[in-house]
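One structure is given below, encoded as structure tokens.
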Ligand code: DGJ
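Numbering (this note's numbering), first residue to last: 21 to 703.
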């Protein structure tokens, strides 16, 4: 039995065959009673292994209803028939071994609790005595008892529409999400929540893998949902070399009795744990010039923006794409990571010092895995990109992808970043990635079906990120992939913030952030205030709305400040100052999602150290007030002490905790008052 602060997870060896089964998972004590996953043990046309709530079973033993592991000797029939080979238990850890002597295979199911969280990590380790082809090697299978249709919540979308919270009820059949894009992708987050229909209790999983992946949920006939999750090998299989161990990515498993909202707080706490000591580093107010100047980057224009940004209270100035040689547009330049001498006539070092002279930290955008065909790097190393012999290479956003699985490419990227971070006083690095691998091959490297290019790219990416953390510990790293295309726990453990979406239009952003906060913590959610009406969503919202929305995470500004009136700058200055006052509550407190973007008022509540911050946003529907009789909208707060009193620091209004919990905090919206940031102090 594994115990976390509030949950327990009990596994037993099956009386029916050589596998481990889930006995119970839920609140502490849930195991005291007959297992909800116990079953009649009557099977027709299937085997007991097909019906069992098995933790992990290979094809062979589980022939019909979805195996977690599929292996074969080259040229032979697929199938593993293993026996239990012992358990090891440690503090918050469990390892269960199974061996197939015919194949010389040893598989270990690994479990580990994460201190201070309600998360259990699961993964598997496979070691072979002889060569095996692995077609499937999931990280884990997770069984959830349901009494009817399982309610699945997932985060889906596309570029500029990431993290849309979507739900379906699955009475029978198979549900699948995943990515073959070499990154988690914009279409689905590697995350799933499961509830038993309308029941509150929520189970969640998240896969720690920034490459190809799948999550498959199968509603089984005997009232249970079985979820499998893991990598998807890009050539259809990987070769397990004799003596080697293949370790699958970790699957984080979370439980909360308090619905999706409680589950989100389990994930938030886990991501604060991932941040470690770096959590305490204040997330500075960023100004990024991308939306203001695009590729039209030069020292004078950037300095003008930086001056305005400093005036309104920004603490960090980031030069995005377009600062390096040959980058007049997106057709050229990637790979040649040298500042454009024409754009920075006094030298880039001087430019950085000028920015810093304004009291701002300096940040830089890079896309280290990318190369433009029209670049010196590509001319010198055409063999560094993914390609398939005899086939054309396709361009996506006019660029190719470097094979970051190659050590020489990793060394080039590390050398480039070291050079830039040492030559200039860069304290913030935005790592972008704008094209997935298409013709993914490595000519001359031997038989393609023996290469695990997806895993090699991931290993290269993580190696470089790990290097940044150790060699440049003071540099804050932002993860970005054309918006939110590469957000997973491996990335989040090595970056400080991530960019959820290129869509910064207010109401669209609200919906992106609402979904994002189900899976990810406020301290990683980079969010910018940009100009009305935005490039995607013309629905008008006030400047206040944009600020309150962005304050829900890590505040940045991306608007063209040159065009801002003094009034607008003054308002921005006030909002930025308010953000600085509340950011420790927002980033370190407990966050609760209030309502949804479909409601007329939607918000987020943050609590820490006796302070409650409520970001409230009116999505547009007014009730006719003040022209007609009407009442204020209300946001019911949660988690407060009903017997305590809470004082609004701006208005002085005092509320009883019971009032805020029962009736909620009132908001009177109008056409030009559509957002509020309320700070309550517990008296
Ligand atoms: C995509 C990113 O998501 C944007 O923020 C911006 O950095 C552009 N790339 C630059 O090309």
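Beta carbons: idealized from backbone N, C-alpha and C, even for Gly.
(message) Would you say the beta carbon of residue 519 is closer than 8 Å to some non-hydrogen atom of the ligand GTP?
(response) Judged by which ligands are present, the ligand GTP is missing from the structure shown, whose ligands are the ligand DGJ.
(request) Report yes if the C-beta of residue 569 is less than 8 Å from at least one heavy atom of the ligand DGJ; otherwise report no. (result) Taking the chain shown and counting its residues from 1, one reaches residue 569 at position 549. It does not: the Cβ of residue 569 is nowhere closer than 8 Å to a heavy atom of the ligand DGJ.
(message) To the nearest angstrom, how far is the alpha carbon of residue 521 from that of residue 566?
(response) For the purposes of this step, residue 521 is taken as the residue at position 501 of the chain shown. For the purposes of this step, residue 566 is taken as the residue at position 546 of the chain shown. Cα to Cα, the separation comes out at about 15 Å.
(request) Look up residue 223 in the DSSP assignment and say whether it is helix, strand or coil. (result) For this step, residue 223 is matched to residue 203 along the chain shown. Reduced to three states, the DSSP call for residue 223 is strand.
(request) Go through the residues and name those whose CB comes closer than 7 Å to any heavy atom of the ligand DGJ, in chain order. (result) 310, 340, 341, 350, 385, 450, 452, 454, 500, 502, 503, 519 and 522
(request) Starting from residue 668, trace the beta strand (DSSP E) both ways and give me its first and last residue. (result) In the chain shown, the residue the question calls residue 668 occupies position 648. Taken as a continuous stretch (DSSP letters only), the beta strand (DSSP E) holding residue 668 covers 665-668.
(message) Is it buried or exposed, residue 703, if we count other Cβ atoms within 10 angstroms and call 16 or more buried?
(response) Along the chain shown, read from residue 1 onward, the residue named residue 703 stands at position 683. Flag for residue 703 reads exposed.
(message) For residue 126 and residue 403, I'd like the C-alpha separation in whole angstroms.
(response) Within the chain shown, residue 126 is the residue found at index 106, counting from 1. Within the chain shown, residue 403 is the residue found at index 383, counting from 1. The straight-line gap from Cα to Cα measures roughly 38 Å.
(request) Give the secondary structure of residue 308 by DSSP, where H, G and I count as helix, E and B as strand, and everything else as coil. (result) Counting from 1 along the chain shown, the entry for residue 308 is found at position 288. Three-state result, residue 308: strand.
(request) Give a yes or no on whether the C-beta atoms belonging to residue 161 and residue 194 are separated by under 9 Å. (result) Your numbering for residue 161 matches position 141 in the chain shown. Your numbering for residue 194 matches position 174 in the chain shown. It is not a contact, given that the beta carbons lie outside the stated cut-off.
(request) Mind checking which residues open and close the beta strand (DSSP E) that includes residue 398? (result) The residue labelled residue 398 in the question sits at position 378 within the chain shown. It is not in any beta strand (DSSP E) - residue 398 instead sits in the alpha helix (DSSP H) that spans 396-400.
(request) Following the continuous alpha helix (DSSP H) through residue 468, name the residue where it begins and the one where it ends. (result) Locating residue 468 in the chain shown gives position 448, where the first residue counts as 1. Premise fails: residue 468 is in no alpha helix (DSSP H) and is neither H nor E.
(message) Let me check understanding here. Comparing Cα to Cα, which of 393, 186, 539 and 601 lies closest to residue 224?
(response) For the purposes of this step, residue 224 is taken as residue 204 along the chain shown, with counting starting at 1. Its Cα nearest to that of residue 224, the residue 539 stands out among 393, 186, 539 and 601.
(message) Using CA atoms only, rank isn't needed, just tell me which of 579, 627, 605 and 653 is closest to residue 307.
(response) The residue you call residue 307 lines up with position 287 of the chain shown. A check of alpha carbon separations from residue 307 across 579, 627, 605 and 653 identifies 579 as the nearest.
(message) Is the beta carbon of residue 472 closer than 9 Å to that of residue 146?
(response) Mapped onto the chain shown, residue 146 falls at position 126. Mapped onto the chain shown, residue 472 falls at position 452. Contact: no.
(request) Return the CA-CA distance between residue 385 and residue 508, expressed in angstroms with no decimal places. (result) Taking the chain shown and counting its residues from 1, the one referred to as residue 385 is at position 365. Taking the chain shown and counting its residues from 1, the one referred to as residue 508 is at position 488. For residue 385 and residue 508, the distance between alpha carbons rounds to 20 Å.
(message) Let me make sure I understand the geometry here. Which of 525, 545 and 506 has the alpha-carbon closest to that of residue 292?
(response) Your numbering for residue 292 matches position 272 in the chain shown. Minimum Cα distance to residue 292 is reached at 545.
(request) Report the three-state DSSP secondary structure of residue 165 (helix, strand or coil). (result) Indexing the chain shown from 1 puts residue 165 at position 145. Residue 165 falls in the strand class under three-state DSSP.
(request) Taking residue 568 as part of the beta strand (DSSP E), name the residues at either end of that continuous run. (result) Within the chain shown, the letter at position 548 stands for residue 568. Run containing residue 568: none in the beta strand (DSSP E); it sits in the alpha helix (DSSP H), 563-571.
(request) In the DSSP assignment, find the unbroken beta strand (DSSP E) run with residue 349 in it and report its ends. (result) Taking the chain shown and counting its residues from 1, one reaches residue 349 at position 329. Counting along the chain, residue 349 falls outside any beta strand (DSSP E), and DSSP gives it neither H nor E.
(request) Compute the distance between the beta-carbons of residue 451 and residue 503, then report whether it is under 9 Å. (result) Your numbering for residue 451 matches position 431 in the chain shown. Your numbering for residue 503 matches position 483 in the chain shown. No, they are not a contact pair.
(message) I'd like to know whether the C-beta atoms of residue 184 and residue 535 end up nearer to each other than 9 Å.
(response) As a first step, residue 184 must be located in the chain shown, where it is residue number 164. As a first step, residue 535 must be located in the chain shown, where it is residue number 515. Closer than 9 Å, so yes.
(message) Give me, in chain order, the residues of the same chain whose beta-carbon lies closer than 7 Å to that of residue 689; leave out the 5 immediate sequence neighbours on both sides.
(response) Mapped onto the chain shown, residue 689 falls at position 669. 638, 642 and 653, listed in sequence order.
(message) Out of 677, 347, 188 and 84, which one is the CA nearest neighbour of residue 175?
(response) Taking the chain shown and counting its residues from 1, the one referred to as residue 175 is at position 155. Measuring from the Cα of residue 175, the nearest candidate turns out to be 188.
(request) Could you tell me if residue 528 is buried or exposed, where buried requires 16 or more neighbouring beta carbons within 10 angstroms of its beta carbon? (result) To locate residue 528, count along the chain shown from 1; it is residue 508. In this structure residue 528 is buried. Its beta-carbon is surrounded by 16 or more other beta-carbon atoms within 10 angstroms.
(request) Have a look at the DSSP bridge pairing and note the partners of residue 45. (result) Numbered from its first residue, the chain shown carries residue 45 at position 25. The partner list for residue 45 (beta bridge, DSSP) reads 29.
(message) Cutting at 7 Å between CB atoms, please list the residues of its own chain near residue 104, excluding the five before and the five after it.
(response) Your numbering for residue 104 matches position 84 in the chain shown. Contacts found: 33, 38 and 118.
(message) I believe residue 352 touches residue 562 by the beta-carbon criterion, under 8 Å. Please report the beta-carbon distance rounded to the nearest angstrom.
(response) Taking the first residue of the chain shown as 1, we reach residue 352 at position 332. Taking the first residue of the chain shown as 1, we reach residue 562 at position 542. Going by Cβ atoms, the distance from residue 352 to residue 562 rounds to 40 Å, so no, they are not a contact pair.
(request) Could you work out which residue in 282, 398 and 128 is closest to residue 625 when comparing CA atoms only? (result) Counted from its first residue, the chain shown places residue 625 at position 605. For residue 625, the nearest C-alpha among the options comes from 282.
(message) At the level of alpha carbons, what is the spacing between residue 465 and residue 426?
(response) The count along the chain shown starts at 1 and reaches residue 465 at position 445. The count along the chain shown starts at 1 and reaches residue 426 at position 406. CA-to-CA, the gap between residue 465 and residue 426 works out to about 11 Å.
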